[in-house]
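For reference, the structure discussed in these notes is given below.
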Amino acid sequence: MEWKDEYRVGIRDIDEQHLAIVECIASIKQAVAQYDRQSADANIVRLADLAQTHFKVEESLMRIHDYPRLEEHADDHKRFSFHLKTLQASLVTTDHFHDRIHSLDEWWDEHIQKDDKSYALHFLKRTALGRA
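Per this note's numbering: the sequence shown = residues 609 to 740.
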């Protein structure tokens, strides 16, 4: 997975967190390609930590800014976290693991493009209107 400019949501801290997560997913994929189980496992743990922190930040901002789709967005975060836990139980050399890591790519891409850009627009509008 590579960083794309279209992943930017216009909120610097969130964009930096997204970049760190994308880089971590790329590291996992590289470790898997090299059959480096130790590195893959370490990066999966790192990804879980990054994602948990990121999701807490996003959901806190959503509460502060009265984002109407908070519950739906938080449920999506829970699905990602569950998916990540199943990845932690998989073997690096299995097709299942490769399918799961590919699914993380797809989930992340769609989530940022659709869901995160939606809340970012909501935040930025509220901030511009002085409601933050």
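All C-beta atoms, glycine included, are put in the ideal place defined by N, C-alpha and C. From a predicted model like this one, the values you see are computed outputs, not experimental measurements.
In three-state terms, what does DSSP make of Ala697?
-> The sequence position of residue 697 within the sequence shown is 89, counting from 1. Three-state result, Ala697: coil.
Grab me the residues of Val700's own chain with a C-beta within less than 7 Å of its C-beta, minus the 5 sequence neighbours each way, in chain order.
-> Here residue 700 is taken as the residue at index 92 of the sequence shown, counted from 1. With a pLDDT of 48 at Val700, under the threshold of 50, the predicted position of this residue should be treated as unreliable, though the coordinate-derived value follows. Taken in chain order, the residues that qualify are Val640, Tyr643, Arg645 and Ala648.
Pairwise C-alpha distance: Asp707 and Val630 = As a working mapping, residue 630 is identified with position 22 in the sequence shown. As a working mapping, residue 707 is identified with position 99 in the sequence shown. For Val630 and Asp707, the distance between alpha carbons rounds to 17 Å.
Taking DSSP as the reference, what is the three-state secondary structure of His662?
-> Taking the sequence shown and counting its residues from 1, one reaches residue 662 at position 54. Reduced to three states, the DSSP call for His662 is helix.
Please classify Tyr615: does DSSP put it in a helix, a strand, or coil?
-> Taking the first residue of the sequence shown as position 1, residue 615 is located at position 7. Helix.
Taking only runs of the alpha helix (DSSP H) that begin and end inside the segment 628–677, which ones reach a length of at least 4 residues, in chain order?
-> 645–672
What residue does the alpha helix (DSSP H) around Lys589 start on, and which one ends it?
-> Outside the shown range of the chain (609 to 740) lies residue 589, about which nothing can therefore be said.
Do you know offhand how far Lys725's Cα is from Ser689's?
-> Walking along the sequence shown from the start, residue 725 turns up at place 117. Walking along the sequence shown from the start, residue 689 turns up at place 81. Cα-Cα distance, rounded: 20 Å.
Straight-line CA distance for Phe705 to Lys733?
-> Your numbering for residue 705 matches position 97 in the sequence shown. Your numbering for residue 733 matches position 125 in the sequence shown. The straight-line gap from Cα to Cα measures roughly 40 Å.
Three-state secondary structure (DSSP) at Glu610?
-> Here residue 610 is taken as the residue at index 2 of the sequence shown, counted from 1. Here Glu610 sits in coil by DSSP.
Indicate whether Tyr727 and Tyr675 have their beta-carbon atoms separated by less than 8 Å.
-> The residue labelled residue 727 in the question sits at position 119 within the sequence shown. The residue labelled residue 675 in the question sits at position 67 within the sequence shown. Contact flag set, yes.
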